[in-house]
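Novice: Residue 1 is where the sequence shown starts when you use UniProt numbering, and the numbers rise one by one after that.
Beta carbons: idealized from backbone N, C-alpha and C, even for Gly.
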Amino acid sequence: VISPSSIGEIQKIDSFWEGFRIALPHVALVFATISYLSVGAVIFCAIEEPEEHRIWNESVTKIRLAEEAFLASSEGTDEEINDALEELTRTLFEAFEAGLKPHDTMSNSTTPGRWNLHSALFFTTTVLTSIGYGHLIPVSHLGKIFCMCYAIFGIPLTLVTIADLAKFLADMLGTSENPLAEVSGRRKFFVLVLLFTYMAIAAKIYQFHEEGWHYVDAFYFCLISLLTVGFGDLYPHGSVHYLLCSILFIFIGLVLTSLAVDVLGSACISRLHALGRGLDAQRFLAALRRKTIGGGITLGRDQWYAFMPSDYSSIPWIDCSEGIHISPRTTTVIFEDDDEEKNYLKN
1 VISPSSIGEI
11 QKIDSFWEGF
21 RIALPHVALV
31 FATISYLSVG
41 AVIFCAIEEP
51 EEHRIWNESV
61 TKIRLAEEAF
71 LASSEGTDEE
81 INDALEELTR
91 TLFEAFEAGL
101 KPHDTMSNST
111 TPGRWNLHSA
121 LFFTTTVLTS
131 IGYGHLIPVS
141 HLGKIFCMCY
151 AIFGIPLTLV
161 TIADLAKFLA
171 DMLGTSENPL
181 AEVSGRRKFF
191 VLVLLFTYMA
201 IAAKIYQFHE
211 EGWHYVDAFY
221 FCLISLLTVG
231 FGDLYPHGSV
241 HYLLCSILFI
251 FIGLVLTSLA
261 VDVLGSACIS
271 RLHALGRGLD
281 AQRFLAALRR
291 KTIGGGITLG
301 RDQWYAFMPS
311 DYSSIPWIDC
321 SEGIHISPRT
331 TTVIFEDDDE
341 EKNYLKN
């Protein structure tokens, strides 16, 4: 005999495995996306970091040679000085276009540090979410080829993951009796408030950490990022933990944005369909009034009988006022025109 406590334990185990079975696909998608991001960051570092060092060393060498030539031209003619100055200016512009900053040319460090693991992870996040700030890009041919292949497979994976999590939250917002039921109006409003509150709090945090950012700039950055526009005029700078928090902000925000689009979009589509059905019903009722009451006939025979099913004559019906049942074998008369119908009714 199985005791009640044993039955309770069995039910708990069954409930656990049922929940695990439901959550497994969602967890697997999240794990696959995180793994894809991490592996991509490591590969981009391995490809672009040596190329960055090579370009940096070449640019610094050219700048120092141009500086020496400019200093040596100080004893020459004005034309020689102008030529040396133009060469130095051109070399500096080329170096800055290659990614060097002013303090890089003044320091003795040989490590630029733009491509590292955490910056590469932030870069892969902006690639897979299609935000693309553009502040960090692959410059080598191998890096560009890998970036194209990486985005082709990674963007669909990321979009599916975000949509799956948003759908999971949308189901949770449904009624407890039926998770697939339409989300109520109050909960739709809650989703919108949650999204804008999330952006408002994140904007305040970014304003605090980013030097020179006004709150409007920070909120603009959050909105542009969560809409995956990513102009690139504003992007986060900072430590490893700061960039990791920015990655978390992007993914959570995109899930909330997808949730809002899913919930509100479904509501708008339902309203449009209901409006269309309502217009069809109104046209049908208007046609009935014109046919039976108005006196002036505006519908032809083909148009009128288009509203009736093809097997109309075989459908039985009951006259509730007289208690008469008409069998399907009742003969149905179809008139060619209205005059024929009037003559038939008179007879």
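(1) Ordered along the chain, which non-local residues of its own chain (more than five positions away) have a Cβ less than 6 Å from that of A200?
(2) How should Y215 be labelled, buried or exposed, when 16 other C-beta atoms within 10 angstroms of its C-beta is the threshold for buried?
(3) Suppose only complete runs of 3+ residues qualify. What are the beta strand (DSSP E) ranges in the region 33 to 69, listed by chain order?
(4) Excluding the five sequence neighbours on either side, which residues of its own chain have a C-beta within less than 7 Å of the C-beta of I162, listed in chain order?
(5) Ordered along the chain, which non-local residues of its own chain (more than five positions away) have a Cβ less than 8 Å from that of F20?
(6) Helix, strand or coil for E263 per DSSP?
(7) CB-CB under 8 Å to H237, same chain, minus the five flanking residues each way: which ones, in chain order?
(8) Check whether the region 62 to 73 touches the region 138 to 148, counting contact only when three or more Cβ pairs, one atom from each stretch, lie closer than 8 Å.
(9) Using 8 Å as the threshold, is the C-beta distance between D217 and L243 below it?
(10) Quick check: the Cα distance between V127 and L195, rounded to an integer number of angstroms?
(11) Where do the ends of the alpha helix (DSSP H) carrying N82 lie?
(12) In terms of residue numbering, what span does the alpha helix (DSSP H) encompassing L227 cover?
(13) In the DSSP assignment, find the alpha helix (DSSP H) that holds D164 and state where it starts and stops.
(14) Do T33 and I131 have their CB atoms nearer than 8 Å?
(15) Under a Cβ-count criterion, where at least 16 other Cβ atoms within 10 Å of its own Cβ denotes burial, should V42 be classed as buried or exposed?
(16) So the candidates are A84, S59, T61, E79; which of them puts its Cα closest to the Cα of L71?
(17) Using three-state DSSP, classify T257 as helix, strand or coil.
(18) Check whether the region 23 to 31 and the region 147 to 165 are in contact - that is, three or more C-beta pairs closer than 8 Å.
(19) So, under 8 Å CB-CB, A120 and C45 are touching, yes? Tell me the CB distance rounded to an integer number of Å.
(20) Nearest CA to the CA of Y36: which residue from C149, L173, M172?
(21) What did DSSP end up calling K12 once you bin it into helix, strand or coil?
(22) Hey, how far is the Cα of L24 from the Cα of T125?
(23) Out of G40, A202, D171, state which residue places its alpha-carbon closest to the alpha-carbon of N116.
(24) Quick check on the burial criterion: 16 or more other C-beta atoms within 10 angstroms. Buried or exposed for A274?
(25) Using the Cα positions of N178 and G113, report the straight-line distance between them to the nearest angstrom.
(26) Classify L272 as buried or exposed, calling it buried when 16 or more other Cβ atoms lie within 10 Å of its own Cβ.
(27) Could you spell out the range, first to last residue, of the alpha helix (DSSP H) harbouring I201?
(28) Out of curiosity, what's the CA-to-CA distance linking F249 and V193?
(29) I need the boundaries of the alpha helix (DSSP H) containing L117, first residue and last residue.
(30) Check whether the Cβ of I269 sits closer than 7 Å to any heavy atom of the ligand ZN, and report yes or no.
(31) Please confirm whether V191 and V263 have their CB atoms less than 8 Å apart.
(32) Less than 6 Å between C-beta atoms, sequence neighbours within five positions excluded: which residues of the same chain meet that for A151?
(33) Alpha carbons only, please: which of S74, I10, V60, E48 is nearest the one belonging to I145?
Specialist: On the basis of the coordinates in this document:
(1) none
(2) exposed
(3) none
(4) L254, V255, S258
(5) none
(6) Correcting the residue type first, residue 263 is Val in the shown sequence and not Glu. Three-state result, V263: helix.
(7) E210
(8) no
(9) no
(10) 23 Å
(11) 78 to 97
(12) Looking at the DSSP string, L227 is not in any alpha helix (DSSP H), and its letter there is neither H nor E.
(13) 141 to 173
(14) no
(15) exposed
(16) A84
(17) helix
(18) yes
(19) 5 Å
(20) C149
(21) helix
(22) 23 Å
(23) G40
(24) exposed
(25) Interpretation of N178 is limited by its pLDDT of 49, a score under 50 that renders its predicted location unreliable; no figure is taken from the coordinates.
(26) exposed
(27) 185 to 209
(28) 17 Å
(29) 117 to 128
(30) In the structure on display, the ligand ZN does not appear, and there are no ligands present to speak of.
(31) yes
(32) V127
(33) E48
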